[in-house]
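Q: Below are the structure tokens for one structure; questions will follow.
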DNA sequence: TGACAATATACGTCAAATAGAATATTGGTT
DNA sequence: AACCAATATTCTATTTGACGTATATTGTCA
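Protein chains in written order, with our numbering: chain P, 267 to 390; chain U, 267 to 390.
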């Protein structure tokens, strides 16, 4: 993957906010939409942009698309995502996004179950 | 400095190539122009873009503007520039730019003298 | 199957970024 | 002062990106 592509993905604040959220946990579109207070279309478009370049991956579960950071990414990308994580919390938007996310914890706990079920028969 | 600004600077390949060159040594516009085989205007415009956000600094020496990476940059920027440096050599363009630069070494050695003169009276 | 919920895609529009041409600026030289 | 070399700026055309509206897709459930 070309280096410049990474930066082209990261050069939009909405996408940075999305990645910041996904760095916490897998989420479905509606949760992201709610935290960012952006339209469904906008969130969806940014997500598909990120997916196109492999910065996120998507898995459908029933009606919901669960987006997450891929477990395994190219080395350059991994380095940059780590660097991003190191720097991002110094900015208020990102911090408050995480707080908003925490408040919704109950709403998205089921996702953790789906992604890494403790009991493999316990599917929703 | 806002994080997204950093990425907006880095999301253009020409600018990445410029930064890659400047990571080696201070250079004047005409050298960059030659290595990148881009027009004077284009190089100048990208440089002024980078300067606007503090990714490079400029010092005039006679007819020449000497561009260089600032010694001291904000922490987030520094982290990202380091990350960039770690990753950039895996791509052919950047590697060959450095080789082209080496071939011009003789042409730009005077810059090193100007930037950090061994003998302070030895100005061109 | 019909209706609904969650998400995606298509298309048009507007703003911002890029590149090129022409011109301006700055400093040195004669 | 006239001229030249190096670089910057302005103006304009073109491209690209973001966003909104409308619509399509996919899966669930009655």
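We put the beta carbon where it would ideally sit given N, CA and C, even for glycine.
Between which two residues does the alpha helix (DSSP H) carrying residue 362 of chain P extend?
A: Along the first chain, one-based indexing puts residue 362 of chain P at 96. 358-369 is the extent of the alpha helix (DSSP H) around residue 362 of chain P.
Q: Among all the DSSP beta bridges, which residues are the ones paired with residue 325 of chain U?
A: The count along the second chain starts at 1 and reaches residue 325 of chain U at position 59. Residue 325 of chain U pairs with U:332.
Q: Give the DSSP-derived three-state secondary structure of residue 277 of chain P in the structure shown.
A: As a position in the first chain, residue 277 of chain P is number 11, starting the count at 1. Coil, per DSSP.
Q: Output yes if chain U places a C-beta closer than 8 Å to the C-beta of residue 345 of chain P; else output no.
A: In the first chain, residue 345 of chain P corresponds to position 79, counting from 1. Yes, contact with chain U.
Q: Find the residues of chain U that neighbour residue 268 of chain P, judging by a C-beta separation of less than 9 Å, and give them in chain order.
A: Within the first chain, residue 268 of chain P is the residue found at index 2, counting from 1. Per Cβ cutoff of 9 Å: 279, 357.
Q: Using the C-alpha atoms, what's the distance from residue 371 of chain P back to residue 380 of chain P?
A: On the first chain, position 114 is the one that residue 380 of chain P refers to. On the first chain, position 105 is the one that residue 371 of chain P refers to. Looking at the two C-alpha atoms, the distance is approximately 15 Å.
Q: Using only the alpha-carbon positions, how far apart do residue 275 of chain P and residue 374 of chain P sit?
A: Mapped onto the first chain, residue 275 of chain P falls at position 9. Mapped onto the first chain, residue 374 of chain P falls at position 108. Those two C-alpha atoms are separated by around 26 Å.
Q: My assumption, with CB atoms under 8 Å, is that residue 313 of chain P sits in contact with residue 285 of chain P. Please give the rounded CB distance.
A: As a working note, residue 313 of chain P is residue 47 in the first chain. As a working note, residue 285 of chain P is residue 19 in the first chain. Wrong, their Cβ atoms sit about 10 Å apart, outside the cutoff.
Q: Could you tell me which residues DSSP pairs with residue 293 of chain U in its beta bridges?
A: For the purposes of this step, residue 293 of chain U is identified with residue 27 of the second chain, where counting begins at 1. Bridge partners of residue 293 of chain U: U:333.
Q: Which residues in the same chain have their Cβ closer than 7 Å to the Cβ of residue 367 of chain P, if we skip the five residues on either side of it in sequence?
A: The residue labelled residue 367 of chain P in the question sits at position 101 within the first chain. For residue 367 of chain P, where only same-chain residues beyond five positions count, the Cβ hits under 7 Å are 287, 290, 301.
Q: My output table needs one value for residue 319 of chain U: the three-state DSSP class, helix, strand or coil.
A: Taking the first residue of the second chain as 1, we reach residue 319 of chain U at position 53. Coil, per DSSP.
Q: Smallest Cα separation from residue 315 of chain P: which of P:365, P:282, P:350, P:353?
A: For this step, residue 315 of chain P is matched to residue 49 along the first chain. Taking only the C-alpha atoms, the option nearest residue 315 of chain P is P:282.
Q: Helix or strand or just coil, what does DSSP make of residue 301 of chain P?
A: Within the first chain, the letter at position 35 stands for residue 301 of chain P. Helix.
Q: Count the other CB atoms within 10 Å of the CB of residue 358 of chain P; is the residue buried (16 or more) or exposed (fewer)?
A: Translated into positions along the first chain, residue 358 of chain P becomes position 92. Exposed, by the Cβ-count rule.
Q: Is residue 354 of chain P close to chain U, meaning its C-beta is less than 8 Å from at least one C-beta of that chain?
A: For this step, residue 354 of chain P is matched to residue 88 along the first chain. By this cut-off, residue 354 of chain P is an interface position.
Q: Pop quiz: residue 353 of chain U and residue 342 of chain P are said to be a contact at Cβ under 8 Å. What is the actual Cβ separation, rounded to whole angstroms?
A: Residue 353 of chain U sits at position 87 when you count from the first residue of the second chain. Residue 342 of chain P sits at position 76 when you count from the first residue of the first chain. Yes, residue 353 of chain U and residue 342 of chain P are in contact; Cβ-Cβ is about 4 Å, under 8 Å.
Q: Output, in sequence order along the chain, the residues in the region 270-303 of chain P whose CB is closer than 8 Å to any CB in chain U.
A: Those residues of the region 270-303 of chain P that come within reach of chain U (Cβ to Cβ, closer than 8 Å) are 270, 273, 274, 276, 277, 278, 279, 282.
Q: Whole angstroms is fine: what's the gap from residue 345 of chain P's alpha carbon to residue 308 of chain P's?
A: For this step, residue 345 of chain P is matched to residue 79 along the first chain. For this step, residue 308 of chain P is matched to residue 42 along the first chain. Answer to the nearest angstrom: the Cα atoms are 27 Å apart.
Q: What does the Cβ neighbour count give for residue 391 of chain U, buried or exposed, with the cut at 16 atoms within 10 Å?
A: With chain U running from 267 to 390 in the structure shown, residue 391 of chain U is simply not present.
Q: How long is the line joining the alpha carbons of residue 323 of chain U and residue 334 of chain U, rounded to whole angstroms?
A: Residue 323 of chain U sits at position 57 when you count from the first residue of the second chain. Residue 334 of chain U sits at position 68 when you count from the first residue of the second chain. Approximately 5 Å, taken between the alpha carbons.
Q: Run through chain P and tell me which residues come within less than 8 Å of residue 374 of chain U, C-beta to C-beta.
A: Counted from its first residue, the second chain places residue 374 of chain U at position 108. Within 8 Å Cβ-Cβ: nothing; residue 374 of chain U doesn't reach chain P, min ~25 Å.
Q: Is residue 250 of chain P buried or exposed, if buried means 16 or more other CB atoms sit within 10 Å of its CB?
A: Outside the displayed span of chain P (267 to 390) sits residue 250 of chain P, for which this structure offers no information.
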